[in-house]
Structure formats: C-alpha cells, structure tokens
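S.K.: Here it is, the structure, as structure tokens.
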C-alpha cells in the first residue's frame, strides 16, 4: 500500500515539474527525430538556423512528449514572447528518394545553373494529376508560373525551390501567401533542415464541435469565407486544398479561421492563354469615337449554303469585350511582344490590348466534310479577335470601321507526363473444347504525339484446339459535341491487320508488335474526323485529347470532348464456316508536343550573382558554382 502511495506521489511531482519547468532543447542533438538541421533545402533566404542553434526555441517537457506521440510530428514551443509551432516537414524515406535522384545527376550537378533548376521546378509543378503523391500542382498550364514564383525567384537560389517542391512545398506557399498580405494563414518565421517554425494561431476547430449551434454556425461562416478568399482574392490564381480535415483549421484569438496545412494544394491559373497585340488607328479618323475589341468564339454546326430565309447554322459567343482607346486606368502591363511592336511602329498611334481565354474555353476544331471545300465555313469551333471604332461598346459596327483577325486555340501535351504503361489481359474459354486462349495487349505509355508511332505489344498463348486466324488493331477517335443532335460518334483513324500466314496454331505462342500511326494524309481523311483548327492546310493534325478538369462547370458551347480508343481484335476460327471475335480496348491520349522555349535571359544572368549551395547528407560535399 505504501509503495503504491509513493508511486502516485512521484507521478504527481513529475507532472508538476513538467508543467512548471521549461526545458531548453537543442535540435542539433535530436537527429534521431530526423530534424537534421545540418541540411538546408528549406531556408529560401529566410533561415531560422541561428535561432535554433543558439537555443532560443523553448519547448516544455510535456509538449515534447506530446510531440513524440503525435503522428504528424508537430511540437509546440516559444520563441521570445510568442508561441510557435515546430513542424517536421518530411520523412526519412522521402529524403532518401531525393538523395537518390541527386546521385543520378551528380555528374552534371556542378554545371547546372539557376535556370536549369527553375526548369526542373516547372516540371514538378506540371506532373499528371493521376499521381496520388503530388503535393503542389499548377494547372492548366505553366504559362504564368513565373508570376506565381516571383517572390521566391527574387531571392535568387533556385535550388531551394527545386528541393522544397520535391519534399514539402509548405514553406514556399507560406511565403507566397503571406499573413501580412491578408491571407488566413499563420505567420512564417523560418525553416532549418527538415523543420519549419510558424506562428501558433490557436486551437483546431475540432475542439469546438460540441459548442452551441450559433457558435458552430459562426465557424462554418468563417470556413466559407476562407474558401472564398483562396478562390477569388487573387486576380491571377485560385488555390484549392486537397486535405481539408478538422485538424488543418484553427480559430485565432479574434475567432477568425486560419488554415495551418498548405502542403497539398492545387493552384489554378485563371488568366491563361493571353492574346496580346496592338492596334494602329489614325486619330483623325476617330472623331471623338472610341476603339473597342472582342474575343469571339464562332461555333458552326451546319453548312453555310443551307442557310435560307434567315436560318443560321452558327452561333457566336463573346468571351471578352473591352475598351482599347482611350486607355483605361489600371490596365495591363505591356508584354514583350507589345513593346517590340510599339518600337517598330514608332510615329503611329498604337494602342495595346490583351484578351484572355477562359479556362473552360474549348480548342479550335474543324470537322472534315466531303461537302465543304472552304475551310472558313467548315463545321467546328473557330476564334477571332474583332476590333472596331464606335461610340458605345454595344454598337453594331460597320464593316468599314472593323477589323477581324482569325486565331487558333491549341493544347499542348504536359511537359512531364507520367509514363504509365497500359496493359489488358483476357483469358477466354470455349464451351465446345478444352483449354483456353490467353491474350495480352500493352502500350509502353499512355500519352503520344500526334505524329508518333503507337507500338502495340501483343502476346498470344493458344492452349486450345482452335486457330487464331488474324489480329486487327483499330485506332478510333470519339467525338462528343453536346450542341449537336446525336453529336456523339466515332471515326476510324487507322487500321492494321496481320498478314496472311501469321495465324496462331493450337498449342503455340506468338508475340508481335503492331504499329498504328495517328497522323493523317489527304488520302485517309474521313468525313467527321475532328482536326486541330482549319483543315485546308498541308499538315493534318488530329484534335487533341480533351483534358478533364474537375471543379469546373463547362458552359454549353464548351461541352466538346475528343478522345482516342485503341481496339485490338482476335479472330478465332471455330469451324470451317464460322469464326468468333475476341476484343478489348486501350484508352490513349494524343497531344501536340510543345516547343519548349529557352529560359529567359534574366534567369541566366542570376547565375553569376547567386551561388548554389545544397547540404543533403554526409555523402555529399557542398556543391557550389
């Protein structure tokens, strides 16, 4: 009995000391926790290493023990007079993956410039959304990636951006979306090694779930306001979070909701595909009138020669309309193209304009027709920029005071698509005989260029007494246009059949490769095929596969989808007069490969000013230029 009492008293004394005595902990001594402050990929010019090494971070013993038991490895402490949160950013396994990649490029590592690391960072931002491990992604294009990363690029050392995107982008996001700018996030204090220190804002909202209804309604209102801010506050980008659990939201002292986990985030560029140019107008012709411009999509769904008695088989949608002259305040900055055109047209009245495509705008598409020879009247989707002179924006301009410039909207393949191999295996049994037939068809990857040979790997194991006479491979294009009645159909792009004498006899095995080419020539043009833009050109390109983006509600005119399907058929001879067909499908994506532009000269010039340093482990020396 006395022993139990002594144990209870000892526990009470220990708890009292734990709450009353603050223990200073050196993170340098805690390498077993994978903090590793000797590694610095997260500093980004805002290092907090001195404060950690000088022991200016205090953690109570209780908070330290609780942090060890926390699966997220989050510790609470103090820095001076304010509470802070110490977060472990990565696991040991993730560090090993990055070190392996650096080993693979270590031979060229010293020759990599800041611009090279910038290009590698862009590839990480553009990985396929099918990858379940992605953390930070920019979509739908990387056209304005420099605007997103501008606050980080000005700090100079691009290798930190690359390593941070590899492991945990949260330090990047806390410097892009700063608390000082009004974003509902904690204040970013700094990072060192594998840990990050941020402001401690308050308790998570899961601690308030049992409070009265009115208070919970207030929390819900704050959450909706937070979602609204991340979606609409930035005129250039929208931010969407994948992890929205209760533990990632806290209430501060002002009962305002803040999000404390910015690791898994999707950034959507709202102003992609800008069409920039200039218009030259004689000021004496204006006579106090104004210059207006519009970006218009023209959808034609019928032949022009069938339009009689006012019936029209087309529809125009105005995507953007604006006043070009007189110049409005707070206009867009001049692009490089506009600056060059302005210099060349010196002495003339030149006014710049910029039109931007909506994210959900469809691609330029023309449908092949054996009845239509004029590409301007072909069915499909076409774009043009219209500039005119008038008194009001809603005026119907005269032809003599308007100019129209046709443009095309195309979609390139992702810069770094995931090479997921596709494979289908079927095993077929027959009722009238023993044994079976094992069939397999596979592709090396799922994304192809519009002029790339698609190699279909076929393997056949015939364990029956039947004969496989031939194998056929067909590439189909599926077209879906919601505005048309019965607007869903498929067309054959290419077909390949094995030669005579290539049959698979009973008990034998065959492996072969059949090549299917999606490129088109004038001889194989079929009525209804969807092409990129107007089809009366020397080079024929199939319409690219449509990338589906969740979260966007497509309007009526943009409900146009194109995809490709590969059908592999095996013809089995059942008797002298009958045969059976076994087939299965492989979905493929076809895109136009982008012309990757070289990185701007400004990024190249930064290499001379900003040395590169990376500390990864004892295996690597300091790498500097």
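Residue numbers (UniProt numbering): 1 to 625.
No residue lacks a Cβ here, since even glycine has one placed at the ideal position from N, Cα and C.
Predicted, not measured: the structure shown is a model, and the values here were computed from it.
Around the C-beta of residue 306, are 16 or more other C-beta atoms found within 10 angstroms, so that it is buried, or is it exposed?
M.R.: The residue in question, residue 306, is exposed, as its Cβ has fewer than 16 Cβ neighbours within 10 Å.
S.K.: Could you check if residue 329 is buried or exposed, using at least 16 other CB atoms within 10 Å of its CB as the buried criterion?
M.R.: With fewer than 16 Cβ atoms within 10 Å of its Cβ, residue 329 is classed as exposed.
S.K.: Verify whether the separation of the beta carbon atoms of residue 516 and residue 386 is less than 8 Å.
M.R.: No, the pair does not count as a contact, with Cβ atoms beyond the cut-off.
S.K.: What are the residues that DSSP puts in a beta bridge with residue 246?
M.R.: Its beta-bridge partners do not exist; DSSP assigns none.
S.K.: Are residue 89 and residue 170 closer than 8 Å when you measure CB to CB?
M.R.: Going by C-beta atoms, residue 89 is nearer than 8 Å to residue 170.
S.K.: When burial is assigned at 16 or more other CB atoms within 10 Å of the CB, is residue 326 buried or exposed?
M.R.: Counting Cβ neighbours within 10 Å, residue 326 comes out exposed, since fewer than 16 surround it.
S.K.: Using 8 Å for Cβ pairs, my map puts residue 195 next to residue 208. What's the rounded Cβ distance?
M.R.: Contact doesn't hold; Cβ gap of about 28 Å is too wide.
S.K.: If distances are taken between C-alpha atoms only, which option among 575, 442, 573 and 454 comes closest to residue 584?
M.R.: Per the Cα distances, 442.
S.K.: Tell me which residues share the same chain as residue 341 and place their Cβ nearer than 6 Å to its Cβ, disregarding the 5 neighbours each side in the sequence.
M.R.: The residues are 278.
S.K.: Applying the criterion that 16 or more other CB atoms from any shown protein chain within 10 Å of the CB defines a buried residue, is residue 235 buried or exposed?
M.R.: Label assigned to residue 235: exposed.
S.K.: Quick check on the DSSP output: the beta strand (DSSP E) that includes residue 352 runs from which residue to which?
M.R.: Here the beta strand (DSSP E) through residue 352 covers 350 to 357.
S.K.: Hey, residue 526 and residue 492: beta-carbon distance below 8 Å or not?
M.R.: Yes, Cβ-Cβ distance for residue 526 and residue 492 is below 8 Å.
S.K.: Using a Cβ-Cβ cutoff of less than 6 Å, which residues in the same chain neighbour residue 87 once the five nearest sequence positions on both sides are dropped?
M.R.: Closer than 6 Å at the Cβ level, and outside the excluded window around residue 87, lie 74 and 196.
S.K.: Can you find the residues in the same chain that come closer than 6 Å, C-beta to C-beta, to residue 33, ignoring five residues on each side of it along the sequence?
M.R.: Its pLDDT being 40, under 50, residue 33 is placed unreliably by the model, and the measurement read from it follows with that caveat. Excluding positions up to five away in sequence, the list is empty.
S.K.: Put residue 162 into one of helix, strand or coil per three-state DSSP.
M.R.: In the structure shown, residue 162 sits in a helix (DSSP, three-state: H, G or I).
S.K.: With H, G and I counted as helix, E and B as strand and the rest as coil, what does DSSP make of residue 92?
M.R.: It is helical.
S.K.: Taking the Cβ atom as the reference point for each residue, do residue 436 and residue 453 lie within a distance shorter than 8 Å?
M.R.: No, these two residues do not count as a Cβ contact at 8 Å.
S.K.: Work out the CA separation of residue 479 and residue 201 for me, nearest whole Å.
M.R.: Between residue 201 and residue 479, the C-alpha separation is close to 52 Å.
S.K.: Starting from the C-beta of residue 276, find all residues in its chain whose C-beta is less than 6 Å away, skip the five residues before and the five after it, and write them out in chain order.
M.R.: 335, 337, 338 and 354, listed in sequence order.
S.K.: Does DSSP classify residue 509 as helix, strand or coil?
M.R.: In this structure, residue 509 counts as strand in the three-state DSSP scheme.
S.K.: Decide if residue 180 is buried, meaning its Cβ has at least 16 other Cβ atoms within 10 Å, or exposed.
M.R.: Counting Cβ neighbours within 10 Å, residue 180 comes out exposed, since fewer than 16 surround it.
S.K.: Going by DSSP, name the residue or residues bridged to residue 388.
M.R.: In the DSSP output, where bridge partners are listed per residue, residue 388 has 292 and 402.
S.K.: State the Cα-Cα distance for the pair residue 84 and residue 190, rounded to the nearest angstrom.
M.R.: Going by the C-alpha atoms only, they are around 11 Å apart.
S.K.: Measure the C-alpha to C-alpha separation of residue 138 and residue 311 and round it to an integer number of angstroms.
M.R.: Whole-angstrom Cα-Cα distance: 44 Å.
S.K.: Going by other Cβ atoms of all chains shown within 10 Å of its Cβ, with 16 needed for buried, is residue 502 buried or exposed?
M.R.: So residue 502 counts as exposed.
S.K.: If we count the other Cβ atoms within 10 Å of its Cβ and call it buried at 16 or more, is residue 77 buried or exposed?
M.R.: So residue 77 counts as buried.
S.K.: Return yes when the Cβ of residue 381 is within less than 8 Å of the Cβ of residue 631, no when it is not.
M.R.: With the chain running from 1 to 625 in the structure shown, residue 631 is simply not present.
S.K.: Using only the alpha-carbon positions, how far apart do residue 467 and residue 101 sit?
M.R.: Each residue's Cα considered, the two are about 49 Å apart.
S.K.: One question on the structure: do residue 290 and residue 390 come within less than 8 Å of each other, judged by their Cβ atoms?
M.R.: A contact, by the Cβ cut-off of 8 Å.
S.K.: Please go through the same chain and pick out, in chain order, the residues whose beta-carbon is closer than 6 Å to the beta-carbon of residue 124, but skip the five residues on each side of it.
M.R.: Answer for residue 124: 165, listed in chain order.
S.K.: For residue 465 and residue 580, what's the separation of their Cα atoms in angstroms?
M.R.: Residue 465 and residue 580: Cα-Cα distance of roughly 14 Å.
S.K.: If you check the beta carbons only, do residue 405 and residue 477 fall under 8 Å apart?
M.R.: The answer is no: Cβ separation not under 8 Å.
S.K.: Taking the alpha-carbon of residue 366 as reference, which of 400, 244 and 300 has the nearest alpha-carbon?
M.R.: Out of 400, 244 and 300, 300 has the C-alpha closest to the C-alpha of residue 366.
S.K.: If you follow the alpha helix (DSSP H) that residue 490 is in, where does it begin and where does it stop?
M.R.: Element bounds for residue 490: not the alpha helix (DSSP H) but the beta strand (DSSP E), 488 to 497.
S.K.: Grouping DSSP H, G and I as helix and E and B as strand, with all else coil, what is residue 298?
M.R.: The answer is strand: DSSP assigns residue 298 an E or B state.
S.K.: Residue 343 lies in the alpha helix (DSSP H); which residues open and close that run?
M.R.: Its alpha helix (DSSP H) spans residues 336 to 344.
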